[in-house]
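Below is one structure, written out as structure tokens; comments come after it.
Protein chains: 2
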Amino acid sequence: MQKTPVQCQFAETLDTIVGKRKPQIIYLLLQGEPLRFNELRRLLPNITQRMLTLYLRELEEEEIVKRVVYPQIPPKVEYSITEYGKSLSQILEALHQWGAAHAERKQLKKENNEQTETD
Amino acid sequence: MQKTPVQCQFAETLDTIVGKRKPQIIYLLLQGEPLRFNELRRLLPNITQRMLTLYLRELEEEEIVKRVVYPQIPPKVEYSITEYGKSLSQILEALHQWGAAHAERKQLKKENNEQTETD
DNA sequence: CCGAATCCTTTAGGATACTG
DNA sequence: CAGTATCCTAAAGGATTCGG
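Chains as they are written, first to last, in the working numbering: chain A, 8 to 126; chain B, 8 to 126.
Right, here's the structure in full:
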């Protein structure tokens, strides 16, 4: 019985959340309100139907997101976060906060460079 | 003055830590001990010199990792985590733990499927 | 409204050989 | 020992078109 290597732990998690706009999709659904396909589309600037569909299928596959089809004309499909998906909340928040701090730091560094260049 | 969109916060962070073995490199250096190039190579199964170099350069660029060259023959270079790099610790831990839990869940699900297939 | 199917471009990652 | 330099493949992302 082989212990799962450290490497895989990261890979498992990152495979789940990595993708150009996957984190944002999860983040939007973590707000609690179910969202329809075209609502998500509007909230994700310039995303193609293909990519949105792909991301949602992947998230559905891993039971992060629940897909509910209302059999009516015109069709209506709602996506919402699952209980399991909510377990990603801390990670997303951590990523979000670090990103903000990082951007700030970059900005400061840039200003410092501009400062010292004129010395 | 435009507010940084939510999307970018995730992108900033993920750009920093995403890569097939980047998280593991950070994780290894977070242990505290500086590591030499070939030590890292040994600790990262099957990584090529090229990829290790690339990852390290990227991390150095973002000041996550500090590179120290000892001018001697044969050459000696040590890589260590920076104070700033340590701020990634929580994120890495969170990813690590979720990955472990996720793997466990997957395993349970698989067992359940095998169970119900024989009903 | 919510997709599937097809085709195309870009990038990440790797194999291999060479060097101060 | 610690890298560079080339070349190559697979996968991610995207543009566009079609359909129930």
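Ideal placement from N, C-alpha and C gives every residue a C-beta, glycine not left out.
Inset, instruction - Could you say if the segment 74-88 of chain A and the segment 99-106 of chain A meet the contact criterion of at least three C-beta pairs nearer than 8 Å? - result: no
Inset, instruction - Can you have a look at Leu115(A) and say buried or exposed, based on whether 16 or more other CB atoms are within 10 angstroms of its CB? - result: As a first step, residue 115(A) is located in the first sequence; it is residue number 108 there, counting from the start. Exposed, since its Cβ has fewer than 16 Cβ neighbours within 10 Å.
Inset, instruction - Could you say which of Pro78(B), Arg49(B), Ala110(B), Gln79(B) lies nearest to Gln31(B) if we only look at CA atoms? - result: Looking up residue 31(B) in the second sequence gives position 24. The shortest C-alpha separation from Gln31(B) is found at Arg49(B).
Legend entry - Helix, strand or coil at Ile24(B) [DSSP, three-state]: Taking the second sequence and counting its residues from 1, the one referred to as residue 24(B) is at position 17. It is helical.
Legend entry - Pro30(A) at chain B interface by Cβ criterion, 8 Å: If you number the first sequence from 1, residue 30(A) lands on position 23. By this cut-off, Pro30(A) is an interface position.
Legend entry - Residue environment, Thr55(B), which counts as buried when at least 16 other CB atoms sit within 10 Å: As a first step, residue 55(B) is located in the second sequence; it is residue number 48 there, counting from the start. Under this definition Thr55(B) is an exposed residue.
Inset, instruction - Using the Cα positions of Leu61(B) and Glu90(B), report the straight-line distance between them to the nearest angstrom. - result: Within the second sequence, numbered from 1, the residue matching residue 61(B) stands at position 54. Within the second sequence, numbered from 1, the residue matching residue 90(B) stands at position 83. The straight-line gap from Cα to Cα measures roughly 21 Å.
Legend entry - Whole-angstrom distance between Lys93(A) and Met58(A), CA atom to CA atom: The residue labelled residue 58(A) in the question sits at position 51 within the first sequence. The residue labelled residue 93(A) in the question sits at position 86 within the first sequence. So the alpha carbons of these two residues sit roughly 22 Å apart.
Inset, instruction - Look at the alpha carbon of Thr23(B) and the alpha carbon of Ile80(A), and state the distance between them as a whole number of angstroms. - result: Here residue 23(B) corresponds to residue number 16 of the second sequence, with the count starting at 1. Here residue 80(A) corresponds to residue number 73 of the first sequence, with the count starting at 1. C-alpha separation (whole angstroms): 45 Å.
Legend entry - Straight-line gap, Val13(A) to Glu19(A) (C-alpha atoms, nearest Å): Taking the first residue of the first sequence as position 1, residue 13(A) is located at position 6. Taking the first residue of the first sequence as position 1, residue 19(A) is located at position 12. C-alpha separation (whole angstroms): 10 Å.
Inset, instruction - Scan the segment 76-116 of chain B and note each continuous beta strand (DSSP E) run of 3 residues or more that stays entirely inside, going in chain order. - result: 83-88
Inset, instruction - Take Glu69(A) as the anchor and find which of Arg28(B), Tyr34(B), His109(B), Glu40(B) has the nearest alpha-carbon. - result: Stepping through the first sequence from its first residue, residue 69(A) is reached at position 62. Checking every option, the nearest Cα to that of Glu69(A) belongs to His109(B).
Inset, instruction - Evaluate Val76(B) with the Cβ neighbour count: other Cβ atoms within 10 Å of its Cβ, from every protein chain shown; 16 or more gives buried, anything less gives exposed. - result: Here the question's residue 76(B) lines up with position 69 in the second sequence. Val76(B) comes out exposed.
Inset, instruction - Please go through the same chain and pick out, in chain order, the residues whose beta-carbon is closer than 6 Å to the beta-carbon of Lys29(A), but skip the five residues on each side of it. - result: Sequence index remark: in the first sequence, residue 29(A) carries index 22 (1-based). These residues qualify, in order along the chain: Tyr62.
Inset, instruction - Helix, strand or coil for Leu50(A), going by three-state DSSP, please let me know. - result: For the purposes of this step, residue 50(A) is identified with residue 43 of the first sequence, where counting begins at 1. Three-state result, Leu50(A): helix.
Legend entry - Leu37(B) at chain A interface by Cβ criterion, 8 Å: For this step, residue 37(B) is matched to residue 30 along the second sequence. No, its Cβ sits nowhere closer than 8 Å to a Cβ of chain A.
Inset, instruction - With a threshold of 16 other CB atoms inside 10 Å of the CB of Gln16(B), please say whether the residue is buried or exposed. - result: Counting from one through the second sequence, the residue named residue 16(B) turns up at place 9. With 16 or more other Cβ atoms within 10 Å, it is buried.
Inset, instruction - Determine the extent of the alpha helix (DSSP H) in which Gln38(B) is found, giving its start and end residues. - result: To locate residue 38(B), count along the second sequence from 1; it is residue 31. Premise fails: Gln38(B) is in no alpha helix (DSSP H) and is neither H nor E.
Inset, instruction - Check the Cβ of Ser94(B) against every Cβ in chain A and list those closer than 8 Å, keeping chain order. - result: Here residue 94(B) refers to the residue found at position 87 when the second sequence is read from its first residue. Near Ser94(B) (Cβ distances below 8 Å), the residues of chain A are Trp105, Ala108.
Inset, instruction - Look at the Cβ atom of Leu21(A), then the Cβ atom of Leu35(A), and state whether they are nearer than 8 Å. - result: To locate residue 21(A), count along the first sequence from 1; it is residue 14. To locate residue 35(A), count along the first sequence from 1; it is residue 28. Result no, Cβ atoms of Leu21(A) and Leu35(A) do not sit closer than 8 Å.
Legend entry - Chain-ordered neighbours of Phe17(A) on chain B, where CB pairs are closer than 8 Å: Start at 1 with the first residue of the first sequence, and residue 17(A) comes out as number 10. Within chain B, the residues near Phe17(A) are Pro30, Gln31, Tyr34, Leu99, Leu102, His103, Gly106.
Inset, instruction - Could you confirm whether any beta carbon from chain B is found closer than 8 Å to the beta carbon of Val25(A)? - result: If you number the first sequence from 1, residue 25(A) lands on position 18. Closer than 8 Å to some Cβ of chain B, the Cβ of Val25(A) qualifies, so yes.
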